[in-house]
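First comes the structure, then the notes that go with it.
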Amino acid sequence: MDEDIYEAVMDAKTLGEQSAASGAGDDDPDEVVEPAPTRSEAIRAALLLQRYTKDLNDPFACKLEAMLGLFGQQTCRTELQGMKNTNFVFPPYR
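Position 58 of the sequence shown, counting from 1, maps to 58 under full-length UniProt numbering, and the rest follow consecutively.
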């Protein structure tokens with residue numbers, strides 16, 4: 001499994017380097033730009049991966065699980081930082 005992940009990452013890296021070297025990518029008007037996933041979709045994917053790695057007894061899986069937890073915390077922190085404070089005044093208690 002680790003070898004498959006490594007191969008996929010290295011293949012993607014090689015393709016990215018070749019694309020950058022040839023100048024392909026950002027300037028292609030026919031290229032379909034896929035919208036970025038929403039925060040909710042990203043969190044669901046992270047939770048799915050955490051469930052998958054939870055029972056694996058592998059150092060890589062443990063590191064991935066920890067990183068996914070940090071990802072969830074960071075995305076929540078980023079969302080909270082983007083919120084605006086409200087000045088809500090409660091009516092007097094009678």
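Just so it is clear, CB atoms sit at the ideal spot from N, CA and C, and this is done for glycine as well.
So is residue i buried or exposed if we call it buried at 16+ other beta carbons inside 10 Å?
i          : result
residue 80 : exposed
residue 47 : exposed
Comparing C-alpha positions only, which one of the options sits nearest to residue i?
i          : options        : result
residue 43 : 16, 90, 18, 76 : 76
residue 69 : 7, 85, 82, 50  : 50
residue 2  : 59, 45, 55, 37 : 59
Taking Cβ to Cβ, would you say residue i is nearer than 7 Å to residue j?
i          : j          : result
residue 61 : residue 53 : yes
Give the straight-line distance between the Cα atoms of residue i and residue j, rounded to the nearest whole angstrom.
i          : j          : result
residue 15 : residue 8  : 11 Å
residue 19 : residue 87 : 51 Å
residue 17 : residue 41 : 28 Å
residue 73 : residue 35 : 23 Å
residue 82 : residue 39 : 13 Å
residue 57 : residue 64 : 12 Å
residue 93 : residue 45 : 46 Å
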